[in-house]
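Report on one structure; see the data block that follows.
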Amino acid sequence: MARISSYGFDNNVTDLDAWLGTDASNRRTKQFSAEAVAKYLNIKGKISISAQMSFKFTTNTAPGVFTGPANDSAIANITTMQLSNTDASSQNVVAFVDYLVGNNILISEQNYISNFGHFTIDSYTKNGDVSTLNLTNIFGNGNLDLNKVYDFAVFTLSSPDKTFEFDQGQPATTWNIQHDLNKFPSVSVINNNNVVINGEVTYIDKNNVQINFSAGFSGKAYLN
580 MARISSYGFD NNVTDLDAWL GTDASNRRTK QFSAEAVAKY LNIKGKISIS AQMSFKFTTN
640 TAPGVFTGPA NDSAIANITT MQLSNTDASS QNVVAFVDYL VGNNILISEQ NYISNFGHFT
700 IDSYTKNGDV STLNLTNIFG NGNLDLNKVY DFAVFTLSSP DKTFEFDQGQ PATTWNIQHD
760 LNKFPSVSVI NNNNVVINGE VTYIDKNNVQ INFSAGFSGK AYLN
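Adding 579 to a residue's 1-based position in the sequence shown gives its number in this note's numbering.
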């Protein structure tokens, strides 16, 4: 065999590229494809991604799996499952999942992201080597596929900042505005000529504000 240094470099790795290695079960020399190695890293959770766990969907409880829902059932219809206390990488997940109760999680099939479910975790109860995970679906697509590996990841959709537009039809020196934004918003006011008017803003609470002006006028207030 020629020296390794005499072989050229391949910077374009494809699924069927292969290299030689040793099979741990019998110490024999075998070929390993890039595709097989990538699959191993995924299903065994060997690549650490913060706030993500991997479990295989099976019918029997074992380390690194989840059970409960019927095979080919709609992911959006999942309400409960039995989850191993360790994921595919053998890390214990109990404390982390328990911390997530009340928050959102995304469950998606590896290498097929369109099979997914977005859930709120309602409760998480440890029962020996497995735990019962109760869920409320927010949205989902596709069906569960037996013996496929699924990623469980913390997931919350970002929402645009809430705004409120108030129309003061009659001229007034005091504007009382109920905006229901559940926050103390910034306030901008214009008159009917689109001129910015400054007033004294008093926050009554997170949902109500009062604006006082030196002279009465009509216009609009924008809160965000």
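Cβ atoms here follow ideal geometry from the backbone N, Cα and C, with glycine treated the same way.
Taking only heavy atoms of the ligand ADP into account, decide whether any of them is closer than 7 Å to the Cβ of residue i.
i	result
residue 764	Annotation note on the ligand ADP: not contained in the displayed structure, which lists no ligands.
According to DSSP, residue i sits in a beta bridge with which residue or residues?
i	result
residue 749	None, per the DSSP bridge assignment.
residue 663	709
residue 719	696
residue 789	755, 781
residue 703	712
residue 767	801
residue 635	644, 728
residue 597	612
residue 733	684
residue 743	802
residue 592	In the DSSP output, where bridge partners are listed per residue, residue 592 has none listed.
residue 775	769
Give the straight-line distance between the Cα atoms of residue i and residue j, rounded to the nearest whole angstrom.
i	j	result
residue 659	residue 645	10 Å
residue 690	residue 781	53 Å
residue 732	residue 775	46 Å
residue 606	residue 682	47 Å
residue 642	residue 710	12 Å
residue 753	residue 801	15 Å
residue 592	residue 610	15 Å
residue 630	residue 718	20 Å
residue 679	residue 700	7 Å
residue 640	residue 662	8 Å
residue 736	residue 599	44 Å
residue 651	residue 637	12 Å
residue 795	residue 750	5 Å
residue 788	residue 703	41 Å
residue 582	residue 588	13 Å
residue 684	residue 602	37 Å
residue 693	residue 767	43 Å
residue 596	residue 761	57 Å
residue 665	residue 590	36 Å
residue 688	residue 723	8 Å
residue 713	residue 769	50 Å
residue 743	residue 670	47 Å
residue 686	residue 705	20 Å
residue 808	residue 608	What the structure shows of the chain is the stretch from 580 to 803, and residue 808 is not part of that stretch, so it cannot be assessed.
residue 585	residue 612	21 Å
Quick one: give me the first and last residue of the alpha helix (DSSP H) that residue i is part of.
i	result
residue 603	That residue, residue 603, is in no alpha helix (DSSP H); it is neither H nor E in DSSP.
residue 677	673-678
Which whole-angstrom value describes the C-beta separation of residue i and residue j, a residue pair presumed to lie in contact below a C-beta threshold of 8 Å?
i	j	result
residue 799	residue 746	6 Å
residue 667	residue 635	7 Å
residue 720	residue 654	7 Å
residue 698	residue 716	6 Å
residue 771	residue 793	Residue 771 to residue 793, Cβ: 17 Å. No contact.
residue 673	residue 632	Not really, about 11 Å apart at Cβ, beyond 8 Å.
residue 764	residue 803	6 Å
residue 778	residue 786	Going by Cβ atoms, the distance from residue 778 to residue 786 rounds to 19 Å, so no, they are not a contact pair.
Between which two residues does the beta strand (DSSP E) holding residue i run?
i	result
residue 609	608-612
residue 653	Here residue 653 belongs to no beta strand (DSSP E), and DSSP marks it neither H nor E.
Query raised in the report: Per the contact definition of three or more C-beta pairs closer than 8 Å, is the stretch 717-736 in contact with the stretch 755-766?
Result: Inter-segment contact for the stretch 755-766 and the stretch 717-736 is absent: fewer than three beta-carbon pairs are separated by less than 8 Å.
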